[in-house]
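Chemist: All letters in the sequence shown, in the order written, are residues 18 to 191 by this note's numbering.
For every residue, glycine included, the Cβ atom is placed at its ideal position computed from N, Cα and C.
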Amino acid sequence: MGGKLKLRFQNQNAAGKSSTVALLLGGLLERLELIRQSLAPINDALPTLLPQARLRSLSAMGTLGTSHTEYPKLYADSFNATLRAELADDPIDDWKITGSASCLHLRNTDTGLKLRFLKEFKFEGSVPPAGMNRLRREAWAQPVLLDQEVSGVRPLKDSEIVLVWTETNGVATS
């Protein structure tokens, strides 16, 4: 199923857990719920946006006479640029495009959560390494997402989620 973001959390409480642990768990569940609510409009939009971006990107590469399989970096850049243009034309509720035109980052205007779209890396797991890019290195070194406290006007402003997309049998998925 293309374009679906799902956050799963399994909670197994053993009998006799202290109330302190339960309070910490309550904060964790609150954070997960806030993340889930923030991502819901993205989750709803991706099944339509991903195929549109793929078709437009493949069409552009076809016009250039370049194969997306021979030029995967060009295809990834074209796909992200096309998806960025789709989002600029038809914005998703509570999400704003941020960063330079050479990447696709979204920020939730209510919670501050940042979402970074990247092409799957085929060599070292699915998330590309940070490399020498300073901003990417900072993002990869953020505190553990679920350990951060939920508070303030934009409670997720220091949180970033990486959405990695790939293609399976000609269908873009995330």
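Going by alpha carbons, who is nearest to S143 out of R171, E155, C120, L180?
Modeler: For the purposes of this step, residue 143 is taken as the residue at position 126 of the sequence shown. The residue with the shortest Cα to Cα distance from S143 is L180.
Chemist: Quick test of your reading: L173 and I59, contact by CB under 8 Å. State the CB separation rounded to the nearest angstrom.
Modeler: Taking the first residue of the sequence shown as 1, we reach residue 173 at position 156. Taking the first residue of the sequence shown as 1, we reach residue 59 at position 42. With 8 Å as the limit, L173 and I59 do not qualify as a contact, their Cβ atoms being about 13 Å apart.
Chemist: Hey, L75 and T83 are a contact pair by Cβ (cut 8 Å); roughly how many whole angstroms apart?
Modeler: Counting from one through the sequence shown, the residue named residue 75 turns up at place 58. Counting from one through the sequence shown, the residue named residue 83 turns up at place 66. 10 Å between Cβ atoms; not a contact.
Chemist: Nearest to E222 by alpha carbon, out of A98, L63, P146, R151?
Modeler: Beyond the ends of the chain as shown, which are 18 and 191, falls residue 222; an answer cannot be given.
Chemist: By a C-beta neighbour count over all protein chains shown, 10 Å radius and 16 as the cutoff for buried, is S55 buried or exposed?
Modeler: As a working mapping, residue 55 is identified with position 38 in the sequence shown. Counting Cβ neighbours within 10 Å, S55 comes out buried, since at least 16 surround it.
Chemist: From V38 to E50, what does the alpha carbon distance come to, in whole angstroms?
Modeler: Counting from one through the sequence shown, the residue named residue 38 turns up at place 21. Counting from one through the sequence shown, the residue named residue 50 turns up at place 33. Interpretation of V38 is limited by its pLDDT of 33, a score under 50 that renders its predicted location unreliable; no figure is taken from the coordinates.
Chemist: Pick out whichever of T128, P108, L132, E184 has its Cα sitting closest to the Cα of G116.
Modeler: Here residue 116 refers to the residue found at position 99 when the sequence shown is read from its first residue. The candidate whose alpha carbon is nearest that of G116 is L132.
Chemist: Less than 8 Å between the CB atoms is what I'm expecting for R71 and A189, so what's the real figure, rounded?
Modeler: Within the sequence shown, residue 71 is the residue found at index 54, counting from 1. Within the sequence shown, residue 189 is the residue found at index 172, counting from 1. At roughly 5 Å, the Cβ-Cβ gap stays under 8 Å, so R71 and A189 are in contact.
Chemist: Tell me the DSSP secondary structure of A189 in three-state form.
Modeler: Taking the first residue of the sequence shown as 1, we reach residue 189 at position 172. A189: strand per DSSP, three-state reduction.
Chemist: For the beta strand (DSSP E) that contains K3, what are its first and last residues?
Modeler: With the chain covering only 18 through 191, there is no way to say anything about residue 3.
Chemist: Please state the DSSP three-state secondary structure of L100.
Modeler: What you label residue 100 is simply residue 83 of the sequence shown in a count that begins at 1. L100 falls in the helix class under three-state DSSP.
Chemist: Check the DSSP bridge columns for W182 and list the partner residues they point to.
Modeler: The residue labelled residue 182 in the question sits at position 165 within the sequence shown. W182 pairs with K136.
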